[in-house]
Amino acid sequence: LTVAKDIIAKDGFGSLYRGLSAGLLRQATYTTARLGIFSQITEVAKKANDGKNLPLWQKAACGLAAGGLGALVGTPADLTLIRMQADSTLPVEQRRNYKGVGDAMMRIVKDDGVAGLFRGGGPTVVRAMALNMGMLASNDQAKEMLEGAGFKGQTAVLGGAMIAGFFASACSLPFDFVKTRMQKMQKSADGTMPYKGPVDCAMQTLKNEGPLKFYTGFPTYLIRIGPHVVFTLVFLDTLNVWQKKSGL
24 LTVAKDIIAK
34 DGFGSLYRGL
44 SAGLLRQATY
54 TTARLGIFSQ
64 ITEVAKKAND
74 GKNLPLWQKA
84 ACGLAAGGLG
94 ALVGTPADLT
104 LIRMQADSTL
114 PVEQRRNYKG
124 VGDAMMRIVK
134 DDGVAGLFRG
144 GGPTVVRAMA
154 LNMGMLASND
164 QAKEMLEGAG
174 FKGQTAVLGG
184 AMIAGFFASA
194 CSLPFDFVKT
204 RMQKMQKSAD
214 GTMPYKGPVD
224 CAMQTLKNEG
234 PLKFYTGFPT
244 YLIRIGPHVV
254 FTLVFLDTLN
264 VWQKKSGL
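Residues are numbered in the numbering used here as their position in the sequence shown, beginning at 1, plus a constant of 23.
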């Protein structure tokens, strides 16, 4: 809340939505890909398992694969979102003042080349794999357990989604922390980067700031990720029910 108040006081209420266009593009690419891939992979795995529910480790493996492949599609939009949001935290004279997601992407390509759109891509993929493992595997497992305990319909769907929101946040925050540091890093006065790569970033953070540093801002992260996960999974379940009823 303090951060939100400071942002509104300095840049106005609209600044809370800076990067929205990049965020929408990211969801249209990354989220669509990961959920679709997970659905297809789990269907294949279930057929190989004689139609039975998958054990947790297989669900986790499906989530890891779906997250990694989806992240490859969404990395450019994800980087652009980070850059647009970080721009408002810079001193006025250092701001790039992006006009929108298209302008931001073109300027990133101009300054850093096409490869610049994939800077931090490794951490992005790893973070997505961790998030989707926590989100999709725990959601399926939680729904099965809730239904086994007598909870049916939307109660089981909502309960599973809420549990998934917590585990998605807990599994992914350390990787999100490293990813964000990599994407926001700038060259020092001597022209060198502060980190050689994501592993170096993680090791330096662990050595200099301790393991709990990776969970800095967890309550805020949970508030951001949790509702998004719940809405996504409930909406996805509604779409699946509608699809089955309509015979598509």
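Every residue gets a Cβ at the ideal spot worked out from N, C-alpha and C, and that includes glycine. Predicted model, so just to flag it, every value in this text is computed and none were measured.
Taken through DSSP and simplified to helix, strand or coil, ALA172 comes out as coil. Short of 7 Å from the beta carbon of ALA193, and not among the five residues preceding or following it, lie these beta carbons of its own chain, in chain order: GLY157. The shortest CA-to-CA distance from GLY46 to any of ALA32, LEU87 and GLY123 is the one to GLY123.
The Cβ neighbour count for MET216, taken over all protein chains shown within 10 Å, is under 16; the residue is labelled exposed.
Selection ASP73, LEU92, THR203 and VAL252 evaluated against GLY220 yields THR203 as nearest (Cα-Cα). The DSSP-derived three-state label of LYS219 is coil.
Per the coordinates, the alpha-carbon of LEU58 lies some 43 Å from the alpha-carbon of ASP213. Distances from the alpha-carbon of GLY182 to those of PRO197, LEU196 and GLN164 put GLN164 closest. By the criterion of at least three beta-carbon pairs nearer than 8 Å, the stretch 76 to 90 is not in contact with the stretch 99 to 118.
By the Cβ criterion, the stretch 86 to 101 is in contact with the stretch 146 to 162, since at least three pairs of Cβ atoms, one from each stretch, lie closer than 8 Å.
Taking the C-beta atoms as reference points, PHE198 is found nearer than 8 Å to VAL149. If you draw a straight line from the Cα of LEU48 to the Cα of GLY91, it is about 18 Å long. Assignment of SER211 by DSSP, reduced to helix, strand and coil, places it in the coil class. A straight line joining the alpha-carbon of ARG119 with that of ALA127 spans about 9 Å. Here DSSP, grouped into helix, strand and coil, assigns GLY144 to helix.
It is roughly 21 Å from the alpha-carbon of LYS82 to the alpha-carbon of VAL264. Under the three-state reduction of DSSP, GLY136 is assigned to coil, being neither helix nor strand.
Distance from the CA of ARG247 to the CA of LYS70, rounded to the nearest whole angstrom, comes to 35 Å.
Less than 8 Å separates the beta-carbon of ALA184 from that of VAL257.
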